[in-house]
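Everything below concerns the one structure shown next.
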Amino acid sequence: MRAAPSDLLATVAELRRRLQDETDLSRIADYFDERLVTHDAFMKMGKPARNDALASMALLAIQVVLPPEEPRQCVFIHLPEFTLWHGMLLFSAHLACTVYFDDINRGVCTLGQMVPGTSLHHFRFSIPEGTTEPFDPRQAELVGMSRRTASGKPS
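Pasting the structure below:
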């Protein structure tokens, strides 16, 4: 395993800090998309992996605003050197993108329709250390939620 570039280490550290402290949850998703998804080294580092607890937690958060629906596709990428997971759940008309850190047991899930210009919902959540499989929703905590309208303003 090659060492991560120092700028990448600093960027991931900032994402971890924002995940814990940021009050505007949309800024976490924006930071991830703008600073890490566009970073070639970051995108090459991860490996596809299964995380049933994370998928279940994302589904639980999403059901706050959508009726229950099984995802058509669920893909997570694990970067153990950062204790970081990121991925997506694809539904019939929605896409949920998730970022989660094992070491702080905290993540954020962004849900949007697959139509440009629609509202986005953001959920901050916690999966406590020692959570067992199969996932029991009573083990989790939905820490916060926000919504950004199509105009980009919080609602």
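Residue numbering for the sequence shown is 29 to 183, as defined by this note's numbering.
For each residue, glycine too, the CB sits at the ideal point set by N, CA and C.
Owing to the predicted nature of the structure, the values given are computational and were not obtained by experimental measurement.
Reference glycine 92, options Ile155, Ser154, Glu157 and His149, closest by Cα: Against the sequence shown, residue 92 aligns to sequence position 64. Position check: residue 92 holds valine in this sequence, whereas glycine was assumed. The shortest Cα separation from valine 92 among Ile155, Ser154, Glu157 and His149 belongs to His149.
Going by CA-CA distance only, name the one from Glu98, Asn133 and Thr111 that's closest to glutamate 119. By one-based count along the sequence shown, residue 119 stands at place 91. A quick correction: the sequence has phenylalanine, not glutamate, at residue 119. Of the candidates Glu98, Asn133 and Thr111, the one whose C-alpha sits nearest the C-alpha of phenylalanine 119 is Glu98.
Going by the beta-carbon positions, is the gap between histidine 114 and proline 76 smaller than 9 Å? In the sequence shown, residue 114 corresponds to position 86, counting from 1. In the sequence shown, residue 76 corresponds to position 48, counting from 1. Pairing histidine 114 with proline 76 gives a Cβ-Cβ distance that is not under 9 Å.
Alpha carbon to alpha carbon, how far is alanine 69 from aspartate 131? Give it in angstroms, no decimals. For this step, residue 131 is matched to residue 103 along the sequence shown. For this step, residue 69 is matched to residue 41 along the sequence shown. Approximately 22 Å, taken between the alpha carbons.
Under the three-state DSSP convention, the category glutamine 91 falls into: Counted from its first residue, the sequence shown places residue 91 at position 63. Here glutamine 91 sits in coil by DSSP.
Please check the pair leucine 117 and alanine 83, which I expect to be a contact at CB under 8 Å, by giving their CB distance rounded to whole angstroms. To locate residue 117, count along the sequence shown from 1; it is residue 89. To locate residue 83, count along the sequence shown from 1; it is residue 55. Right, their Cβ atoms sit about 7 Å apart.
CB of threonine 146 within 9 Å of CB of threonine 138, strictly: For the purposes of this step, residue 146 is identified with residue 118 of the sequence shown, where counting begins at 1. For the purposes of this step, residue 138 is identified with residue 110 of the sequence shown, where counting begins at 1. Result no, Cβ atoms of threonine 146 and threonine 138 do not sit closer than 9 Å.
Given this structure, state the Cα-to-Cα distance separating methionine 142 from arginine 100, to the nearest angstrom. The residue given as residue 142 occupies position 114 in the sequence shown. The residue given as residue 100 occupies position 72 in the sequence shown. One C-alpha to the other measures close to 14 Å.
I'd like to know whether the C-beta atoms of isoleucine 56 and leucine 64 end up nearer to each other than 9 Å. Position 28 of the sequence shown, counting from 1, holds the residue named residue 56. Position 36 of the sequence shown, counting from 1, holds the residue named residue 64. Not in contact: isoleucine 56 and leucine 64 (Cβ atoms no closer than 9 Å).
Whose C-beta lies closer than 8 Å to the C-beta of glutamate 157 among residues of the same chain, with five residues either side of it excluded? Stepping through the sequence shown from its first residue, residue 157 is reached at position 129. Here glutamate 157 has Asn133 as same chain residues with Cβ atoms under 8 Å from its own Cβ, once five neighbours each way along the sequence are excluded.
Distance, arginine 152 Cα to threonine 51 Cα: For the purposes of this step, residue 51 is taken as the residue at position 23 of the sequence shown. For the purposes of this step, residue 152 is taken as the residue at position 124 of the sequence shown. One alpha carbon belongs to threonine 51, the other to arginine 152, and they sit about 10 Å apart.
Give me the Cα-Cα distance between alanine 121 and proline 96, rounded to the nearest whole angstrom. If you number the sequence shown from 1, residue 121 lands on position 93. If you number the sequence shown from 1, residue 96 lands on position 68. Distance between the alpha carbons of alanine 121 and proline 96 is about 13 Å.
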